[in-house]
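Q: In my numbering, the protein residues as written are 3 to 182.
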């Protein structure tokens, strides 16, 4: 969360991308950042990169367009920006190429990964291995993509809530909800 907060408070932007179904989570995150999460606040700079969410091979080494996100990172990313990358398998070549493009632009990478379909073990597959020491890795130690994506959604909501709390202060608890 600190990497996101440092980026947006210094005038940077968050570029988000996800392989396959994870692209919807990346888009939802950008929508919450630009619009609002649970309360009104000034807009924060975030953009969901466009890929093919319907490609059944998107979260594998066999994606139909492995450079789809990297091209956008090279066109839009600048030093100080953050790439938020999601892959339930950690094996998406498109997400891996985006991470490499972000590193070439001196961007920090926050990777939400998993081990869906991996036979070789944990730490987010090829994408996880490509991360630098200054990057942030959240790896869900599970093999089922649906469970990994559920944890990713919760994590993204925590990121949004944490940034809002830092920018706006803690939100008062609605006492009417507690009495129900």
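We put the beta carbon where it would ideally sit given N, CA and C, even for glycine.
#1: Could you tell me which of 24, 34, 72 sits nearest to residue 161, measuring between CA atoms?
#2: For residue 171, count neighbouring Cβ atoms within 10 angstroms of its own Cβ and tell me buried if that reaches 16, exposed if not.
#3: Quick one: Cα of residue 31 to Cα of residue 68, how far?
#4: May I have the straight-line CA-CA distance separating residue 157 from residue 146, to the nearest angstrom?
#5: Just how far apart, CA to CA, sit residue 143 and residue 96?
#6: Only counting runs of 4 or more residues, tell me where the alpha helix (DSSP H) segments fall wholly within the stretch 22-81, in order along the chain.
#7: Can you look up residue 133 in the DSSP assignment and give me helix, strand or coil?
#8: So, do the stretch 162-169 and the stretch 99-113 have three or more beta carbon pairs nearer to each other than 8 Å?
#9: At what residues does the alpha helix (DSSP H) containing residue 164 begin and finish?
A: Taking the geometry as given:
#1: 34
#2: exposed
#3: Cα to Cα, the separation comes out at about 22 Å.
#4: 17 Å
#5: 21 Å
#6: 24-36, 70-78
#7: coil
#8: As far as the Cβ criterion goes, the stretch 162-169 does not touch the stretch 99-113, which means the pair count is below three.
#9: 147-170
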